[in-house]
Amino acid sequence: MTMVFAVDEINSNSNLLPNLTLGYSLYDNCGALVIGFRAALALASGQEEQFLLQENCFGTSPVLGIVGDSYSTFTIATSNVLGLFRLPMVSHFATCSCLSDRQRFPSFFRTIPSDAFQVRAMIQILKHFGWTWVGLLVSDDDYGLHVARSFQSDLVQAGGGCLAYAEVLPWGNDPAELRRIVDVMKKSTARVVMVFAHEIHIYKLMEEVVMQNVTGLQWMASEAWASVDVLQTPDFMPYLGGTLGIAIRRGEIAGFKDFLLRIHPNQHHNNYGNSLVNQFWEDIFQCKFAPPPAGWVEAGRALCTGQEVLHNVESELFDVSNLRPEYNVYKAVYALAYALDDMLRCVPGRGPFSGHSCATLQRLEPWQLVYYLDKVNFTTPFGDQVTFDENGDALPIYDVMNWLWLPDGKAKIQNVGEVKESAKGKELILDEAKIFWNFESKQPPWSVCSESCPPGTRMARKKGEPECCFDCIPCSEGKISNKTDSMECTSCPEDFWSSPQRDHCVPKKTEFLSYQEPLGICLTTASLLGTFICAVVLVIFIYHRSTPMVRANNSELSFLLLVSLKLCFLCSLLFIGRPSLWTCQLRHAAFGISFVLCVSCILVKTMVVLAVFKASQPGGGASLKWFGAVQQRGTVLVLTSIQATICTAWLVSFSPVPHKNTQYYNDKIVYECVVGSTIGFAVLLGYISLLAILSFLLAFLARNLPDNFNEAKLITFSMLIFCAVWVAFVPAYVNSPGKYADAVEVFAILASSFGLLVALFGPKCYIILLRPERNTKKAIMGRDTFLFLYVYLILILFSSPFFLSESSSLLSSCKLRRQFYHNGMHKPGDVILGGLFEVHYTSVFPEQTFTSEPNQLNCQGFDPPGFRHAMTMAFAIDEINKNSNLLPNVTLGYSLYDNCATLVVGLSAALSLASGQEEQFLPQENCLGTPPVLGIVGDSFSTFSIATSDVIGLFKLPIVSYFATCSCLSDRRRFPSFFRTIPSDAFQVRAMIQILKRFGWTWAGLLVSDDDYGRYVARSFQSDLAQSGGGCLAYLEILPWGDNPAELRRIVEVMKKSTARVVIVFAHQIHMIQLMEEVVRQNVTGLQWMASEAWTAAAVLQTPHLMPYLGGTLGIAIRRGEIPGLREFLLRIMPELHDEIHGNSMVRQFWEYTFQCRFAPPPLGWVEAGEELCTGQEDLENVETEFLDVSNLRPEYNIYKAVYALAYAINDMLRCVPGRGPFSGHSCATIQRLEPWQLMFYLEKVNFTTPFGDQVSFDENGDALPIYDIMNWLWLPDGRTKVQSVGIVKKSATKGEELTLDENKIFWNFDSKQSPQSVCSESCPPGTRMARKKGQPVCCFDCVPCSDGKFSNETDSMECTSCPEDFWSSAQRDHCVPKITEFLSYHEPLGICLTTASLLGTFICAVVLGIFIYHRSTPMVRANNSELSFLLLVSLKLCFLCSLLFIGRPRLWTCQLRHAAFGISFVLCVSCILVKTMVVLAVFKASQPGGGASLKWFGVLQQRGTVLVLTSIQAAICTAWLVSSSPAPHKNTQYHNDKIVYECVVGSTVGFAVLLGYIGLLAILSFLLAFLARNLPDNFNEAKLITFSMLIFCAVWVAFVPAYVNSPGKYADAVEVFAILASSFGLLVALFGPKCYIILLRPELNTKKAIMGRGTTKT
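Following the numbering used here, the residues of the sequence shown are numbered contiguously, the last one being 2043.
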């Protein structure tokens, strides 16, 4: 009604189309392609069924322009046909970017922006909010599939993010697929979901989303559902609230609502077929116009009168507040009106057409209107400019909408911005404050695959994953990144280092031996201290220079030695502080000269000692003249001068210099002095060492001379220190970095200097200052030896290295809208069959200015195999015509056309076949011309077949394709008359998946062509692969048509980065040629290619240039067949047999191509250039051409079968017996009145077998029984190639799908000559489980080792299984093993030791008992209460033995007996001790005056009775414990998961505590009594021994309790055994050790007298 209003408004406008009335014809497409397509044809051709002779062409006038259609798929199909006639279409709602292809859709325009802009708008919003990781859902139609391709490409180019997943929403009811898609969404980490689909898709999707309760997603809506009310329900808004959507621009149309309210059936009466208004009226008032349906009135329902009032009805029809598609319809009508207006205002002689003519209303051609429509430019009353670009697209503008969920539960769609394209470029304007976010934070969500890498890190792409998925790797030391998402870290300048955060450079720390650091301070202090001491000693020696001690020791050399030592101490300071040139040069020179001066003095002193001694010998006086004062000074000077010369030579040749060293530490600059010449430094040290060793040797030889003259011992010791220090210095110096080398050298200087100072001058200063009485000539001459004081200094140095119109055309007669001229070949017959073949492989589009009638395309590039295909059909028809059993008395003819590999040509050829080629049917004449065909063989491309079948299917004209494999063509509702003799891609895809599973390839890449063939394969492959569980797609890329090197470069880059080694390609030869050029350029090797049937046998790819890459390719090939006689038929082709008179241009073109000649008349300049003319008599047998190669007939075999299928169908139809036929009234079809749809009935039932043995029949979808050969590209050693068959894959009625492969024949193009491995993750071996990586395909997982106690014994286990209770997992976690058992065993070292100790204790007790029995009559035994002693020894023996019950595997009896035996034995023991203590006290008391009566309570009987009673109490406790809650053996698995600890559970902790407590009570009582009695007279006192024994006993058991409680398993038993043994040994040794000592070793003390009189018992 918007279009009706607009037409009405224009007709009322005197300024627009004055004196011209616009009309309209509006049709309902019913949401079905077939109806929409049929309606478009009705608009273009008129609706009269038949043109009667002698009458004018009468009917609804054909239109000059069409507004519509609303769906992209419908519009594509319609434009494919109407574009042939240049009839302009202006769509208001078809957004598919593919419709911008001006070559394919030359007369298409639209007032809604293209999806290409919508996609870019979506990407702008994604970038605005930083959403780089998103999911994409698209509808399964042209609209969605083109968006998917465009989105992926534009997203990559914009660098705005990556797709986490891209899924195709199915049409119809497919809950399993929807469940899978929602499951993908749940598992993905992407929080943003973009949906380019229709209302019905979203509704079904949301039902599944609600069912699975998938919340937390930010939805982004395309214009198709951004403002759909049906989704804004309380059920869906918790999930869809906050949705951001791209909506069609809202407009206002003044007066539109009033117009709608004036709609009335009388205004739109039904005489002209205006059923739409009546249907609206019946729907809104729920009534029916007369005559009503049967039973309507009887049911009490109302009849429509047409007088009902619309004002009283609430209907969404009248809601004009949100006019979006309506506004586009309004603009479309006005665009056509303005174009028509401009055309009619043309001034004759100034027009744009040939001869400057103008178009007239009487002779108006649609293509002339296209010219003006291209130039339309006007502004709507709402202020929007309407104009079209070179692709027919309007100026793009969209509103950005937001779904607001109000607190009261209602929903509202609010406008929050707009996105448009203007002269300024793309503009996005958003009012973020208004946006409602359906999250708790009320903030936009975060949707990234990986968080941005902060400064200090770099992005590391994850191989095989989208570029948005990366790891943030910290910059290595010395490198920085100061931006977010840096791809690389930058190295810092030489003197700078990275900060701890690695986000900026900081100056490197400088390091040298400084005066400010502790080490430098210590060394400086030591140096100054040494200098000070030298000065003090020098002063002492000067002060005491006249004393014998100073004079006797060569005072002059001593003074010089002290000065040189002072210089040695001071030179060490040159090594401290930041190195400069002068310090570097001076430090080693000063050090070397100072030390040589020092050592020279010592050397001369030693030589003097030897000379003096020699002079004291008879006749040795002359020796002193060589060692006078002058000689001594001269020797020192000469030796020192030599070192000075060495230093000078070193400094002059290779002087030490300061150096910034960055080798030791990356983050530090170590300032140091490089020695310049290592040889110079080595000579300097070597010279010092030479003098030192010489001094040491001389002193060592003189150490035993008489003391009177001997200072050699001091020199020997000092040189020993000196040499030791410098020998240790060399390795320490070499291995010390930076300042520590300086510190080592300073330390060596100071240590050796202090050694010389202390060793040489220490003893002398001691005598001078502290022992002056020895500083006399007499003492010095007579002393035995010097007193030496030795100081040894040890310094420990610590170093720690630092480290992304109704307008009548007023035609005078009925004629074809347009005549097409094609390359063709024809043969007359009773029945004509059509054929469409690719005889030329490309075409050139003419420039379309619409100032003259557009020219047809120019076909180029003759294709011999394509011509062979056409000739195969000609051969099959010839063969059938010769067959008397098939179609007798009927001659088949043919009309074969070349589609030039171009959709426009193929579609126009199909229309030519269907309608005939006569341009005009003149009155009074029959309709002459090539008869229309009954069936068509073709087309070769899926896209071409889809377009052709969309049109031809309307007339139920059967099409049998031999090469169109798209699974979409199996849709019987859309393509009711389509058949094919090649298997559907659905089967080919399953065959590919079978091969993948056969070789274990679970990670593969998929490349598809940018057409229906490729896109449908992509969808089918993803779905089938997921259902089969056979693997995952690493990537899915669409290969572009035409020259697009940038896109190909990107795709090959994806292949390089991916870890998938298998690449599956469903594309055409041209795609593979272009792709392989880029593969070779980037040298991408190591891939296993898998070819679809479209290029498996492509010889153009089997070149030496490409075989290093494509060798080993596995491909699915069309079934090879044999056609006897075909080659002979091909050889008989002659131009005169196929003359040009009947339009047989193909044969002439073949002849000219093959013989490189031209038929007369030749092109201009042909003969002049020396080229040949064709005679038609050339011999084909003498020419080498692939046209004659019939060894590998694959498409040809399918063509052969297709022709025979049609022939058998016609044969069956003609054999029909009248009265028994399948049609109405059991009639039969006749050849004179044959309708194409009648042939379809028989074609569906065709079933025959070819001479090659293959059965041909069609299933319910028109598909043939599927069978494919599996081919392998063999690269021979001589460089040649061969395509060999290595198997077949087929489907049979009985066995289903079968794959047969001869793997031994397969050539693998890898070094290993084995099939490659292509997996995302290696299989998880037994012992591990698969852990899926969230947001990644199911084939990508980590292998997580089973946890302790669990195992997996299969490959790729999903879960690990727990081992049974008494079992544990093996080390490999691949099976269960019995758990290790643990208890205190006799076979382990601990058990053996305790057993040995127990038996040893028992043995000692037995020995002691034997000794006591043997010596029972002696005073020592008798005096110590022999009976209790015997009983005590027996109880100790039992204590030792009861410990054995704790060793060994616990049994019921040992558990019950161990604590009872232990408790009773120890109570018996302690009872004896307690009674002995009491006896001691009683005896002492009895010895006091009046105390004799006390002994009567401690007689023998009382003692026995007390022990018995005390022991019985413990026995009663044990009995009660054992009866009430007995200890029992227990398998404990709590201590160790992998062990079973056998232990005795005490049963009752209270019982155990009471047992121990009772023993403790008796022991404490014994200890207290014994402690009180310790000071009684020794005559009666055994209390000290008891006190000590009880102290040991109590200490052991006090320590036992925490140790026992905290010891697990067998160690608790070991602790208890140890406590038993320790306390038993303590009692045994403490009580019986002293007694045995006396009895056995001191028998003289074992007398009554000695015992009564001894003072103290020794223990």
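C-beta: ideal position from N, C-alpha, C; glycine also. All figures in this text were calculated on a predicted structure; none of them were measured in a lab.
Tell me, please, whether the stretch 841-860 touches the stretch 555-566 by the rule of three or more beta-carbon pairs shorter than 8 Å. no
How big is the Cα-Cα spacing for Leu-907 and Gly-840? As a working note, residue 907 is residue 523 in the sequence shown. As a working note, residue 840 is residue 456 in the sequence shown. Computed Cα separation, rounded: 41 Å.
Beta-carbon contacts of Gly-1070 that lie in its chain and below 8 Å, excluding the five residues immediately before and after: Counting from 1 along the sequence shown, the entry for residue 1070 is found at position 686. Excluding positions up to five away in sequence, the list is empty.
Rounded to the nearest angstrom, what separates Ser-1192 and Pro-402 at their Cα positions? As a first step, residue 1192 is located in the sequence shown; it is residue number 808 there, counting from the start. As a first step, residue 402 is located in the sequence shown; it is residue number 18 there, counting from the start. Because Ser-1192 sits at a pLDDT of 35, beneath the cut-off of 50, its placement in the model cannot be relied upon, and the point is left open.
Have a look at Val-1722 and Gly-1470 and give me their C-alpha separation to the nearest angstrom. Stepping through the sequence shown from its first residue, residue 1722 is reached at position 1338. Stepping through the sequence shown from its first residue, residue 1470 is reached at position 1086. Roughly 24 Å separates the two Cα atoms.
Count the other CB atoms, across all protein chains shown, that sit within 10 Å of the CB of Val-1670; report buried if there are 16 or more and exposed otherwise. On the sequence shown, residue 1670 is found 1286 positions in, with the first residue counted as 1. That one is buried.
Based on the DSSP secondary-structure assignment, which residues constitute the bridge partners of Glu-682? Translated into the one-based positions of the sequence shown, residue 682 becomes position 298. Its beta-bridge partners do not exist; DSSP assigns none.
For Pro-1040, count neighbouring Cβ atoms within 10 angstroms of its own Cβ and tell me buried if that reaches 16, exposed if not. As a first step, residue 1040 is located in the sequence shown; it is residue number 656 there, counting from the start. Buried, because 16 or more other Cβ atoms sit within 10 Å of the Cβ of Pro-1040.
Which runs of the alpha helix (DSSP H) spanning at least 4 residues fall entirely within the stretch 491-516, listed in chain order? 499-513
Should the stretch 1218-1229 be called in touch with the stretch 1239-1247, which here means at least 3 C-beta pairs below 8 Å? yes
In angstroms, rounded to a whole number, what distance separates the CA positions of Ser-1326 and Lys-796? Within the sequence shown, the letter at position 942 stands for residue 1326. Within the sequence shown, the letter at position 412 stands for residue 796. Whole-angstrom Cα-Cα distance: 44 Å.
Are the stretch 1330-1345 and the stretch 1461-1476 touching, with three or more C-beta to C-beta distances below 8 Å? no
State buried or exposed for Ile-632, treating a residue as buried only when at least 16 other CB atoms are found within 10 Å of its CB. Here residue 632 refers to the residue found at position 248 of the sequence shown. Buried, by the Cβ-count rule.
To the nearest angstrom, how far is it from the Cα of Lys-892 to the Cα of Phe-880? Reading the sequence shown from its first residue, position 508 is the one you call residue 892. Reading the sequence shown from its first residue, position 496 is the one you call residue 880. Cα-Cα distance, rounded: 5 Å.
So does the stretch 1887-1906 actually touch the stretch 1920-1928, counting three or more Cβ pairs closer than 8 Å? no
Extent of the continuous beta strand (DSSP E) to which Arg-1716 belongs: The residue you call residue 1716 lines up with position 1332 of the sequence shown. Unbroken beta strand (DSSP E) run through Arg-1716: 1712-1716.
Please say whether Leu-1297 and Tyr-1281 have beta carbons closer to each other than 8 Å? For the purposes of this step, residue 1281 is taken as the residue at position 897 of the sequence shown. For the purposes of this step, residue 1297 is taken as the residue at position 913 of the sequence shown. Yes. Within cutoff.
Classify Trp-1981 as buried or exposed, calling it buried when 16 or more other Cβ atoms lie within 10 Å of its own Cβ. For the purposes of this step, residue 1981 is taken as residue 1597 along the sequence shown, with counting starting at 1. The residue is buried, with at least 16 neighbouring Cβ atoms inside 10 Å.
Length of the line joining the Cα atoms of Ala-1478 and Ala-1451: Here residue 1478 refers to the residue found at position 1094 of the sequence shown. Here residue 1451 refers to the residue found at position 1067 of the sequence shown. Approximately 6 Å, taken between the alpha carbons.
Pairwise C-alpha distance: Pro-554 and Gly-1733: In the sequence shown, residue 1733 corresponds to position 1349, counting from 1. In the sequence shown, residue 554 corresponds to position 170, counting from 1. Each residue's Cα considered, the two are about 46 Å apart.
Quick check on DSSP: helix, strand or coil for Thr-444? Locating residue 444 in the sequence shown gives position 60, where the first residue counts as 1. Note on Thr-444: pLDDT 39, under 50, position unreliable in the model; no value is reported.
Using the Cβ count rule (16 or more neighbours within 10 Å means buried), how would you classify Ile-2121? Outside the shown range of the chain (385 to 2043) lies residue 2121, about which nothing can therefore be said.
Where the beta strand (DSSP E) through Lys-1675 begins and ends: Stepping through the sequence shown from its first residue, residue 1675 is reached at position 1291. Unbroken beta strand (DSSP E) run through Lys-1675: 1665-1676.
For Val-1215 and Arg-1364, what's the separation of their Cα atoms in angstroms? For the purposes of this step, residue 1215 is taken as the residue at position 831 of the sequence shown. For the purposes of this step, residue 1364 is taken as the residue at position 980 of the sequence shown. Taking the straight line from one Cα to the other gives about 20 Å.
Given Gly-377, which residues of its chain have a CB within under 6 Å of its CB, disregarding the five upstream and five downstream residues? With the chain running from 385 to 2043 in the structure shown, residue 377 is simply not present.
Can you grab the Cα-Cα spacing for the pair Phe-1328 / Leu-471, in whole Å? Numbered from 1 along the sequence shown, position 944 holds the residue referred to as residue 1328. Numbered from 1 along the sequence shown, position 87 holds the residue referred to as residue 471. About 20 Å.
Go to Cys-918, then tell me how far its alpha helix (DSSP H) extends in each direction, as first and last residue. What you label residue 918 is simply residue 534 of the sequence shown in a count that begins at 1. From DSSP, the alpha helix (DSSP H) with Cys-918 extends over 902-927.
Any idea what DSSP makes of Asn-1631, helix, strand or coil? For the purposes of this step, residue 1631 is taken as the residue at position 1247 of the sequence shown. Reduced to three states, the DSSP call for Asn-1631 is strand.
Could you tell me which of Ile-1848, Val-980, Gln-663, Ile-1672 sits nearest to Leu-949, measuring between CA atoms? Here residue 949 corresponds to residue number 565 of the sequence shown, with the count starting at 1. It is Val-980.
Go through its chain and collect everything with a Cβ distance to Val-1630's Cβ below 8 Å, but skip five positions before and after it. Translated into the one-based positions of the sequence shown, residue 1630 becomes position 1246. Here the set comprises Ala-1589, Tyr-1592, Ala-1593, Asp-1596, Val-1640, Ser-1641, Phe-1642.
List the DSSP bridge partners of Cys-1541. For this step, residue 1541 is matched to residue 1157 along the sequence shown. Answer is Glu-1556, bridged to Cys-1541.
Relative to the alpha-carbon of Ala-1033, which residue among Glu-1056, Gln-1015, Gly-1064, Phe-1850 has its alpha-carbon at the smallest distance? Counted from its first residue, the sequence shown places residue 1033 at position 649. The shortest C-alpha separation from Ala-1033 is found at Gly-1064.
Identity of the residue in Ala-1957, Ser-1268, Leu-1276 nearest Gly-1219 by Cα: The residue given as residue 1219 occupies position 835 in the sequence shown. Per the Cα distances, Leu-1276.
Specify, as a first and last residue, the run of the beta strand (DSSP E) that Thr-841 falls within. Stepping through the sequence shown from its first residue, residue 841 is reached at position 457. 841-845 is the extent of the beta strand (DSSP E) around Thr-841.
Return the first residue and the last residue of the alpha helix (DSSP H) that Tyr-714 is part of. For the purposes of this step, residue 714 is taken as the residue at position 330 of the sequence shown. Counting along the chain, the alpha helix (DSSP H) containing Tyr-714 begins and ends at 709-728.
Go through its chain and collect everything with a Cβ distance to Leu-427's Cβ below 8 Å, but skip five positions before and after it. As a first step, residue 427 is located in the sequence shown; it is residue number 43 there, counting from the start. Result list for Leu-427: Ser-409, Tyr-411, Pro-446, Val-447, Ile-450, in chain order.
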